[in-house]
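**Q** Handing you a structure now.
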Ligand code: 13P
Ligand code: SF4
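In this note's numbering, the protein residues as written are 1 to 304.
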C-alpha cells in the first residue's frame, strides 16, 4: 500500500473511532503527516490530559504513553510499537528507587518524566526538561534527590546553586553519543553557527552551547533567531523537522550517532495497524497510577 493510501485510511479510522494521534519531535518525519499534535514531553502530556478523544495513539516511547494513561485513565492509550522503551527510564526500577531513597532519607524526590509509573509513584514531583528549573525552584526545598538523569539533574543544580541536588546515575545513551569534540569540530567547520543542546547531553557538551532546553524550546529558539546556521545537540528528529520547516537555514546534527533507536520504531503502517487492531494497549495498575498522578499534578501546579 502506498503512503498516501495508508494516510487516507488512518484519517478515516481516526475519525470513526474518535482517536487522536500525538507525536514526539524525535519521531520519523512521516509520522507528522498523520499526527494531530506534535511537541515535547510537557506539551504532549498536557494534550493527553485535555483531549476529548476516546483513543490516544502515542507516537513516542513507552513512558510517554504510560504518562498519557495516568493522566487519562478512562481513555484507551495505544503505542504503535510496544518495543519502543526509553533506555534512560529503564535504568531505575521500583527497588532501585527505594534503595536510593533509603540511602538518602527524608529528602524530596524529583523524577524526570522519562521514568516508569513505578518510579513516579515513589516521587514527590515530576519534571520535564522544559520546566525542571521552574519546578525545582518553586518546590522550595534546600536538598532534593533527582532521578534518573544525572545530566539533567547536574544542569539544574548549576542553575540553582542554592539547592543541593543528589542525582541518580542514569543517563540517555543517545545524548551521550554526542561528544564535546563533536561540537568543537562542527564549530570549526561552521564558525558562525549557534550551538543548541538538550540538557540530557553530557555537561561538557552543554557548557559549549549558546542555549540549552527541551526539544520545543530548541525549535522555538531557532524560529525566533535571525541567525542562519545552527549546530543541534539532540536527537536527529529535531534537525529533520527544522530542515523541513526552515529550508533557508542550515542545521547541523552535532553527531550522526544522535539517533534514538526506540523513537524511530513507529512507521505509518504501524500507526494504521495500531488503529485497526487497537494495539498495543498501555495499562497502568489503578493504585500505582493514582500515586504517580500526584507527582505529575504537583508538576503542573509548580510550573503554572
Ligand atoms: P523533551 O521533553 O525535550 O521533548 O525530551 C524528551 C526526551 O526523551 C529527550 O530525550
Ligand atoms: Fe529515552 Fe534518550 Fe530516547 Fe529520549 S532520546 S527517549 S531519553 S533513550
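No residue lacks a Cβ here, since even glycine has one placed at the ideal position from N, Cα and C.
The ligand SF4: which residues have Cβ under 7 Å from any of its heavy atoms, chain order?
**A** That query returns the following residues: 26, 61, 86, 87, 88, 89, 114, 172, 173, 174, 175, 200, 235, 260, 262, 263.
**Q** Around the C-beta of residue 106, are 16 or more other C-beta atoms found within 10 angstroms, so that it is buried, or is it exposed?
**A** It counts as exposed.
**Q** Leaving out five residues before and five after residue 239 in sequence, what residues of the same chain have Cβ atoms less than 6 Å from its Cβ?
**A** Excluding sequence neighbours, residue 239 sits near 232, 251, 253.
**Q** For residue 153, is the classification buried or exposed, using 16 other Cβ atoms within 10 angstroms of its Cβ as the cut-off for buried?
**A** Answer is buried; the Cβ neighbour count reaches 16.
**Q** What residue from 183, 177, 220 has the CA that sits closest to residue 200's CA?
**A** Closest option to residue 200, Cα to Cα, is 177.
**Q** Would you identify the three-state DSSP class for residue 221, choosing helix, strand or coil?
**A** If DSSP states are grouped into helix, strand and coil, residue 221 belongs with the helices.
**Q** Taking three-plus beta-carbon pairs below 8 Å as touching, is the stretch 131-149 in contact with the stretch 184-197?
**A** Short answer: they don't touch.
**Q** Going straight from the alpha carbon of residue 171 to that of residue 91, what length do you get?
**A** Approximately 8 Å, taken between the alpha carbons.
**Q** Taking residue 54 as the reference, which of 289, 275, 82 has the closest Cα?
**A** It is 275.
**Q** Got a sec: does the ligand 13P put a non-hydrogen atom nearer than 8 Å to the Cβ of residue 128?
**A** The answer is yes for residue 128.
**Q** Less than 9 Å between the C-beta atoms of residue 84 and residue 202, yes or no?
**A** No.
**Q** What residue range does the beta strand (DSSP E) around residue 359 cover?
**A** Any question about residue 359 goes unanswered here, given that the chain covers just 1 to 304.
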